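Inspection log for the structure reproduced underneath, given as structure tokens.
2 protein chains.
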Amino acid sequence: MPHDNRPIGVFDSGLGGLTVVRALRERLPDEGVVYLGDTARLPYGTKSRDTILRFAREDADFLAGHEVKALVVACNTVSSLAMPALELAYPQLPRIGVVAAGVEALLGLERRKRVLVLGTSATVNSDSYRRLIHRVDAGVAVTSLACPLFVPLVEEGLVTGALAESVIRHYLAPMIAAPPDALILGCTHYPLLTETIADMLPSSVQIVDSAAACAASVARYLTENGATAEPGAAEPVERYYVTDMPASFFQLAQRFLGRPVARVDKVTVPE
Amino acid sequence: MPHDNRPIGVFDSGLGGLTVVRALRERLPDEGVVYLGDTARLPYGTKSRDTILRFAREDADFLAGHEVKALVVACNTVSSLAMPALELAYPQLPRIGVVAAGVEALLGLERRKRVLVLGTSATVNSDSYRRLIHRVDAGVAVTSLACPLFVPLVEEGLVTGALAESVIRHYLAPMIAAPPDALILGCTHYPLLTETIADMLPSSVQIVDSAAACAASVARYLTENGATAEPGAAEPVERYYVTDMPASFFQLAQRFLGRPVARVDKVTVPE
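Shown next as structure tokens:
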């Protein structure tokens with residue numbers, strides 16, 4: 000059986016994509032990972048389509064220069080807007096986006112008549128989740144809601160407590176009264192609020208884990224294409240690059256990744 | 000008396016600097032203004048010194064290319080960290096920063112023994128306000144507090160109401176019990192929260208208006224150097240440039256400027 004020992008490239012506007020790296024490392028411990036977080040220009044979710052497309056291409060250029068075998072778009076905003084642009088720029092490089100992966104996981108649920116998607120302004124405005132869901136099942140009622148305060152709340156580490164609850168209530172109050180069947184946390188920062196959000200909703204609401212869904216998508220792609228790494232052939236590489244504040248990334252990585260990273264390098268993108 | 004009809008250059012990471020433009024237009028109606036808001040890379044206040052210095056130089060390069068007679072640094076973060084770097088890059092171009100202007104206004108107050116400075120993480124970490132205040136009066140007790148949720152709150156338009164009050168209380172609770180003599184809103188976004196903040200503090204707390212102080216500094220510089228525009232010589236120019244989302248800038252400008260703008264152009268910085 001053929002193998003491909005090159006690493007998987009993962010990028011995000013910042014640290015959030017580490018939730019996807021965590022899921023990848025748990026599911027595919029033999030695979031190497033090269034991660035890029037564009038911390039100098041984050042957030043992406045409040046910016047325009049044109050600017051997001053430009054940033055996405057520049058991030059992908061960086062990873063392509065590191066000989067990756069696949070491009071994992073961990074950022075929901077980029078995954079919502081830039082997949083066609085990335086396909087044009089890198090037709091030979093397989094691209095797996097967190098949005099399509101989350102939609103696939105949602106469609107596998109038994110109860111999914113009414114779905115709520117929480118995301119950044121850019122993700123919600125792109126209507127990406129609804130469009131992808133309706134390609135398979137137009138009968139799903141999809142409501143999307145932009146929650147711009149969630150990212151700074153998570154970055155401040157305020158994921159529980161009175162203020163987090165006030166912010167969540169501000170956005171979700173109408174949903175608490177009429178809860179959906181399933182909730183997609185359509186931004187890699189939001190999973191850190193999962194427990195606090197879950198505590199405020201009826202237990203019947205199923206929360207889709209996009210990071211795990213994304214790792215499952217990658218696993219399937221690699222297996223189907225004979226592109227998995229040879230087990231035990233070599234210690235899998237794990238490289239972390241950011242465009243700003245490597246020290247802060249180093250500290251916060253543990254919160255997203257569940258363990259410390261060995262090393263973080265600062266790079267300029269575009270180079 | 001000599002005159003200089005070239006416009007004043009003003010820059011900020013985004014829209015907040017428009018509060019300075021508003022003060023400039025009110026105080027100096029004959030002066031032209033060229034404004035740059037780096038909306039593609041905002042916010043600056045959560046980023047590193049090196050990155051802020053690079054962005055500041057690139058923004059100044061853009062304005063210098065527009066033949067401005069002075070450089071107004073409306074961004075507190077840049078004004079806290081990059082004034083020496085801008086002096087090195089543009090020794091011939093007068094530079095007026097909002098931080099020094101705010102400090103001057105504070106020092107003109109009668110009661111100013113205990114001062115609270117609210118700002119971004121980068122501004123607070125730079126310790127710029129305390130250092131400038133202590134150059135003149137080391138007897139002032141300066142407390143600085145980073146309020147990272149204020150910027151997204153203002154950008155969401157949530158400047159009054161229960162959520163704004165929860166966020167303000169989160170940061171200011173200890174200060175509400177032991178109020179300072181004066182409060183500096185050390186970020187151009189924060190003045191939009193002035194009323195809500197003032198309602199939560201005793202009326203004895205004096206709030207320093209950095210935008211008005213900055214306009215006063217510019218007026219004094221121009222007068223002292225014979226560099227004011229000739230009154231009535233020509234309609235003063237007013238140009239607005241942003242690096243992303245001109246339509247959104249166009250809409251939100253009214254909130255910061257108090258009136259609509261005629262036109263906004265999108266540019267790429269660095270060019």
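Each protein sequence line maps, in turn, to chains F and X.
Numbering-wise, our numbering puts 201 at position 202 of the first sequence, and it's gapless, one number per residue.
Numbering-wise, our numbering puts 268 at position 269 of the second sequence, and it's gapless, one number per residue.
All C-beta atoms, glycine included, are put in the ideal place defined by N, C-alpha and C.
Since we're looking at a predicted model, the values are computed, not measured.
Quick one, which residues of the stretch 36–56 of chain X are near chain F if we go by CB-CB under 7 Å, in chain order?
Ala39, Arg40, Lys46, Ser47, Thr50
For X/Ile132, which residues in the same chain have their Cβ closer than 8 Å to its Cβ, ignoring the five residues on either side in sequence?
Val102, Leu105, Leu106, Val114, Val139, Val141
Can you check which of these residues, F/Leu87, F/Asn124, F/Ala39, F/Arg94, is closest to F/Thr76 by C-alpha distance?
F/Asn124
Cβ of X/Pro151 within 8 Å of any chain F Cβ
yes
Roughly how many whole angstroms lie between the Cα atoms of F/Val67 and F/Ile206?
31 Å
Selected residue, minimal CA-CA separation from F/Leu35, among F/Phe149, F/Asp58, F/Ser120
F/Asp58
As assigned by DSSP and simplified to three states, the class of X/Arg238:
strand
Is the separation between the beta-carbon of X/Ser143 and that of X/Pro178 shorter than 8 Å?
no
Out of X/Gln91, X/Phe54, X/Ile167, state which residue places its alpha-carbon closest to the alpha-carbon of X/Arg267.
A quick correction: the sequence has Thr, not Arg, at residue 267 of chain X. That would be X/Phe54, whose Cα lies nearest to the Cα of X/Thr267.
Pop quiz: F/Cys213 and F/Gly118 are said to be a contact at Cβ under 8 Å. What is the actual Cβ separation, rounded to whole angstroms?
So it is not a contact: roughly 15 Å between Cβ atoms.
Could you spell out the range, first to last residue, of the beta strand (DSSP E) harbouring X/Thr142?
140–145
Cutoff 6 Å; reference X/Ala211; Cβ partners in own chain excluding five residues on either side
Ala22
Could you give the first and the last residue of the continuous alpha helix (DSSP H) run that contains X/Ala81?
From DSSP, X/Ala81 is part of no alpha helix (DSSP H); its letter is neither H nor E.
Against chain X, which members of the stretch 129–151 of chain F pass a CB distance test of less than 8 Å?
Pro147, Leu148, Val150, Pro151
Can you give, in chain order, each stretch of the alpha helix (DSSP H) that sits fully within the stretch 12–48 of chain X and has at least 4 residues?
17–26
Against chain F, which members of the stretch 222–253 of chain X pass a CB distance test of less than 7 Å?
Asp243, Met244
Is the beta carbon of F/Ile95 closer than 8 Å to that of F/Val71?
yes
Quick check: what's the CA-CA separation for F/Asp3 versus F/Val20?
19 Å
Could you tell me which of F/Val33, F/Leu17, F/Gly15, F/Ile167 sits nearest to F/Arg5, measuring between CA atoms?
F/Val33
Could you work out which residues of chain X lie near F/His169, taking near to mean beta carbons separated by less than 7 Å?
Leu162
Can the beta-carbon of F/Lys46 be found closer than 8 Å to that of X/Asp243?
yes
Inter-residue CB distance, X/Ile51 and X/Ala81 (contact presumed, cutoff 8 Å):
6 Å
Euclidean distance between Cα positions of F/Val9 and X/Leu152
30 Å
Proximity below 8 Å, CB of X/Leu184 to CB of X/Ser165
no
Boundaries (first-last residue) of the beta strand (DSSP E) holding F/Leu70:
69–72
Determine the direct distance from the alpha carbon of X/His188 to that of X/Ala163, and round the result to whole angstroms.
14 Å
Starting from X/Ala181, follow its DSSP beta bridges and name the residues at the other end.
X/Val114, X/Gln205
Let me confirm a value: F/Gly30 is counted as buried when at least 16 other C-beta atoms fall within 10 Å, else exposed. Which label applies?
The sequence given here has Glu at residue 30 of chain F, not Gly. Result: buried.
Any chain X beta carbon closer than 8 Å to F/Glu155
yes
Whole-angstrom distance between F/Val98 and F/Asp136, CA atom to CA atom:
16 Å
On a Cα-Cα basis, can you pick out the residue from X/Leu62, X/Gly16, X/Pro28, X/Ile7 that is closest to X/Glu234?
X/Pro28
Within 10 angstroms of the Cβ of F/Ile175, are there 16 or more other Cβ atoms? Answer buried if so, exposed if not.
exposed
Check each candidate in X/Leu200, X/Glu270, X/Leu108 and name the one with the smallest Cα separation from X/Tyr170.
X/Leu200
Within-8 Å CB hit, X/Val166 to chain F:
yes
Per DSSP, which residues does X/Phe10 bridge with? Please list them.
X/Leu35, X/Val72
On the premise that X/Pro190 lies in contact with X/Thr18, defined as a C-beta separation below 8 Å, what is that separation, rounded to the nearest angstrom?
5 Å
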